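Heads up, the sequence shown is in the numbering used here, so the first residue is 12 and it goes up one at a time.
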Amino acid sequence: MNNGDVTYDQYPASAQPYGTQSAGEPPVGEPYFGVGFGKSLKRFLAGYVKFDGRASRAEYWWSYLWMQIILLIPILIYVIGATVVAFSFSFQMAYASQMSPDMALQMLLGMLAWAIPLILVSLALTLPSYAIMWRRLHDAGFSGALALLSLVGLSIIPTIMCIMPTSPEALKYGPGAVPQQHPQYPPQYQGQYPQQYPPQQY
C-alpha cells in the first residue's frame, strides 16, 4: 500500500469487478458492501452511538435481523411468564367469589415483572437501532434525521428509504465508494477508497 492512511487493501478499478468488496474491512462509519451476517453484528455493536458516516444496505438489514433475533428471547420469556401468571390467578379465581383489588394488583405486578427483560433489551437497542438507520439514510443520500419520523408513528417512511441503493450524494456524509452520476468506461469511482464498489444486490 502506498498510502499510509489506508488500512485495508487497494486494487485498481480495472482489476476488481463492479459490485465487489476489497479483502480488508472499512472502519465503522464507512459502508461495508456485502458484509456477512456475523460481521454485521460486530459492526452494529461497534457503532452503538455513531450517527455520523454511512452504512451499506447489507449492514443495515443484517443488523435489523439481529435486532429481531435478540428481541425474540425476552419476548418469549414474557409470553411464558405472563401465561404462567394468568393461569395461576385463574385457579385462584376458581376458589374466590370475585377478584379482589389486591389480587388484580398482584396479577398486574406479576406480568410487569416478566416484562422487565423485554423493556431493558428494547431500551438497550434503541440507540444503536437509530444509529444504524441514521448512517444507512446517509448512504442513500438522505438526512439521517428522517429516522426520527419513527417517533411519531411514521417509521415506514425511513424504512422504505433504507431500501434505496447507495447514492452519489452520499459522499457529503462520509467517505466510501459511490456510483458516478454519469458512468464512464472503464468505470471510475469517487471516494476515499475507490476500490469499494457499491453492489447493486445489497
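Here a beta-carbon is modelled for each residue, glycine too, at the ideal position from N, C-alpha and C. Just so we're clear, the structure is a prediction, and the values are computed from it rather than from any experiment.
- From the DSSP output, in three-state form, read off V95 for me. As a working mapping, residue 95 is identified with position 84 in the sequence shown. Helix.
- Considering only the beta carbon of each residue, do G35 and G185 sit closer than 7 angstroms? The residue you call residue 35 lines up with position 24 of the sequence shown. The residue you call residue 185 lines up with position 174 of the sequence shown. Not a contact, by the Cβ cut-off of 7 angstroms.
- Is the CB-CB distance between D150 and P38 below 7 angstroms? On the sequence shown, position 139 is the one that residue 150 refers to. On the sequence shown, position 27 is the one that residue 38 refers to. Contact flag unset, no.
- Taking 8 angstroms as the threshold, find out whether the segment 139 to 157 comes into contact with the segment 113 to 124 through three or more Cβ pairs. No, the segment 139 to 157 is not in contact with the segment 113 to 124.
- Note down the Cα distance separating A142 from V132, rounded to an integer number of angstroms. Position 131 of the sequence shown, counted from the start, is the residue given in the question as residue 142. Position 121 of the sequence shown, counted from the start, is the residue given in the question as residue 132. CA-to-CA, the gap between A142 and V132 works out to about 16 angstroms.
- Message: What does the Cβ neighbour count give for A97, buried or exposed, with the cut at 16 atoms within 10 Å?
- Response: By 1-based counting over the sequence shown, the position of residue 97 is 86. A97 comes out exposed.
- Task: Go through its chain and collect everything with a Cβ distance to I88's Cβ below 6 angstroms, but skip five positions before and after it.
- Result: Position 77 of the sequence shown, counted from the start, is the residue given in the question as residue 88. Counting only Cβ-Cβ distances below 6 angstroms, and skipping sequence neighbours, we find P128.
- Which of the three DSSP states, helix, strand or coil, is assigned to V163? Reading the sequence shown from its first residue, position 152 is the one you call residue 163. If DSSP states are grouped into helix, strand and coil, V163 belongs with the helices.
- If you follow the alpha helix (DSSP H) that L214 is part of, which residue opens it and which one closes it? An answer regarding residue 214 cannot be provided, because it is not within the stretch 12 to 213 covered by the chain.
- Item | DSSP three-state assignment for V46, whether helix, strand or coil | Within the sequence shown, residue 46 is the residue found at index 35, counting from 1. Coil, per DSSP.
- When you compare only the Cα positions, how much space is there between L120 and M144? Taking the first residue of the sequence shown as position 1, residue 120 is located at position 109. Taking the first residue of the sequence shown as position 1, residue 144 is located at position 133. Going by the C-alpha atoms only, they are around 35 angstroms apart.
- Message: Quick check on T177: buried or exposed, where buried means 16 or more other Cβ atoms within 10 Å of its Cβ?
- Response: Here residue 177 is taken as the residue at index 166 of the sequence shown, counted from 1. That one is buried.
- Message: For a test of the three-state rule: what should DSSP assign to V189, helix, strand or coil?
- Response: In the sequence shown, residue 189 corresponds to position 178, counting from 1. Of the three classes helix, strand and coil, the one that applies to V189 here is strand, per DSSP.
- Keeping to the same chain, check which residues put their C-beta closer than 8 angstroms to that of L52; ignore five residues upstream and five downstream. Within the sequence shown, the letter at position 41 stands for residue 52. Answer for L52: W73, S74 and W77, listed in chain order.
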